[in-house]
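First residue of the sequence shown? That's 1 in our numbering, and the numbers climb one at a time after it.
Think of the CB as a built atom: it goes at the ideal place given N, C-alpha and C, for glycine as much as any other residue.
Since this is a predicted model, take the numbers as computed values, not measurements.
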Amino acid sequence: MLRMITPMFIYILYNLYIINNMMNHGTIAELLFPTRCVACGRYSGRLICAGCTAAFPLIRDPVCRRCGKPAMYYVDECNLCRGRLKDIEAGVALAVYEEPLRTVIHGMKYGRMWRLARPLGYMAAVRIAPVLGETSPCVTYVPMHPRRRRVRGYDHAELLARAVAEALGLPLLRLLERTRHTLSQTTLDLRGRRENVRGAFRATTGRTPCGEVVLVDDVMTTGCTLSECAGVLRRAGVKRVFACVVARDLVNPEMGEKGSALFSG
Ligand SMILES: [Zn+2]
Ligand SMILES: [Zn+2]
C-alpha cells in the first residue's frame with residue numbers, strides 16, 4: 001500500500017509545484033494558508049489590505065519640521081517639541097498613531113508579525129526622502145535591549161531601518177546600543193520619560209563614520225528616546241540626525257489629552 005501512496009504523493013506535489021510556477025509564486029501557499037489583514041482580519045492575501053492602507057491617518061504637509069506633527073503652516077518647532085529635540089535636525093512621521101495603524105504596529109511589535117516592518121519601512125522612506133535633499137546619510141535605528149531582543153527574536157526598529165535603507169539605497173549601520181534595560185515609556189510623564197532613557201544608549205564605535213544619519217523608530221511620542229539617541233550620535237561625530245518614524249503619537253504627557261495640540265503651532 002505504502003509503495004503505491006508514496007509515488008502518488010510525490011506526483012501530486014510535483015503537479016502542485018508546476019501549477020504554482022505557472023501561476024504566481026506563492027499562489028498555492030496562499031490557497032493553503034490564506035493571508036489575513038492584520039488590522040481588519042479579512043482574508044485579503046496581504047498583510048495590510050488595500051482598505052486599511054488607505055485608512056492610515058497619513059500626515060500631510062504642512063508639519064512641524066522638527067517632530068513631524070501636523071500643523072496649520074510650517075514651523076521649525078511646535079508646542080509639543082519646543083526646546084527639547086535640539087539634536088534632531090528634522091523629523092518626519094508617516095501617519096498619526098491611530099487606528100488602523102496602531103493595530104498594525106502592535107502586531108509588528110508584539111504579535112510576531114515581523115514581516116510588517118518591510119511595507120511600513122518602505123512607506124516611511126517615501127516620507128523622509130524629500131527631507132534628505134542632496135545628503136547621503138547612513139541609516140540606523142533605536143535598538144532594543146539585547147535581552148528583550150532575545151525574547152522577541154527580532155528588533156522591529158532594525159527591520160524598519162533595513163526597509164528604509166533598502167528603499168532609499170542607503171547603507172544600514174548599527175551605530176547605537178542600549179546599555180541598560182528601561183521601563184516602557186507609555187506609563188511615564190515627560191520628566192519620567194527623560195529620566196528613564198538618560199544614559200541608556202551608547203555609540204557602538206567611538207567615532208561614527210557618517211556625517212548624516214537617518215534614525216529610525218516605530219513611534220514618536222515625546223521624542224525623548226529619539227532625542228537621547230540623537231545626542232549620542234552627535235557626540236560621536238554625526239553632524240545632522242534626521243528622525244524617521246512610522247507613527248507620531250500626539251499624546252502630550254504634560255497636558256494629558258490627545259489631539260489637544262494637534263493643529264496649534
Ligand atoms: Zn484590512
Ligand atoms: Zn514639533
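Whole angstroms is fine: what's the gap from V63's alpha carbon to D76's? 9 Å
Nearest candidate by alpha-carbon position, reference R162, set P130, V214 and T187: For the residues P130, V214 and T187, the minimum Cα distance to R162 belongs to V214.
Answer yes or no: do L94 and A230 have a C-beta to C-beta separation smaller than 8 Å? no
Rank G41, S184, Y74 and P209 by C-alpha distance to the C-alpha of R60 and give the top, closest one. Per the Cα distances, Y74.
Comparing the CB of R66 with every heavy atom of ligand 2, is any distance shorter than 7 Å? yes
Beta carbon of L175 nearer than 8 Å to that of T204: yes
Report back the beta-carbon spacing between A129 and L168 to the nearest angstrom; my notes put them in contact at under 8 Å. 6 Å
Compare the beta carbon distance of V241 and E89 with 8 Å and say whether it is the shorter of the two. yes
Compare the beta carbon distance of R207 and A236 with 8 Å and say whether it is the shorter of the two. yes
T140 by DSSP, collapsed to three states: which one? If DSSP states are grouped into helix, strand and coil, T140 belongs with the strands.
Heavy atom of ligand 2 within 7 Å of E89 beta-carbon: no
From the DSSP output, in three-state form, read off A261 for me. Caution applies to A261, whose pLDDT of 46 falls short of 50 and renders its modelled position unreliable; the value that the coordinates give is listed next. If DSSP states are grouped into helix, strand and coil, A261 belongs with coil.
State the Cα-Cα distance for the pair V126 and L32, rounded to the nearest angstrom. 34 Å
Flag this pair as yes or no: are the beta carbons of L160 and A117 separated by less than 8 Å? yes
G211 and V238 look like a contact to me (Cβ under 8 Å); what is the Cβ gap, rounded to whole Å? 7 Å
Closer than 7 Å to a non-hydrogen atom of ligand 2 - does that hold for the CB of L226? no
Report all residues from its chain with a CB closer than 7 Å to the CB of Y122; omit the five preceding and five following residues, and keep chain order. A163 and A167
For F9, count neighbouring C-beta atoms within 10 Å of its own C-beta (all shown protein chains included) and say buried if the count is 16 or more, exposed if not. exposed
With C-beta atoms as the reference, is L47 less than 8 Å away from I28? no
Does the region 186-194 come into contact with the region 147-161, if we say contact requires no fewer than three beta-carbon pairs (one atom in each stretch) closer than 8 Å? no
Is it buried or exposed for Y141, if we count other Cβ within 10 angstroms and need 16 for buried? buried
Apart from the five residues on each side of it in sequence, which residues of its chain come closer than 7 Å, Cβ to Cβ, to E257? Caution is warranted here: a pLDDT of 47 is assigned to E257, below 50, making its placement in the model unreliable, and the coordinate value is therefore given only provisionally. Hits under 7 Å: none found.
Pairwise C-alpha distance: C244 and A124: 7 Å
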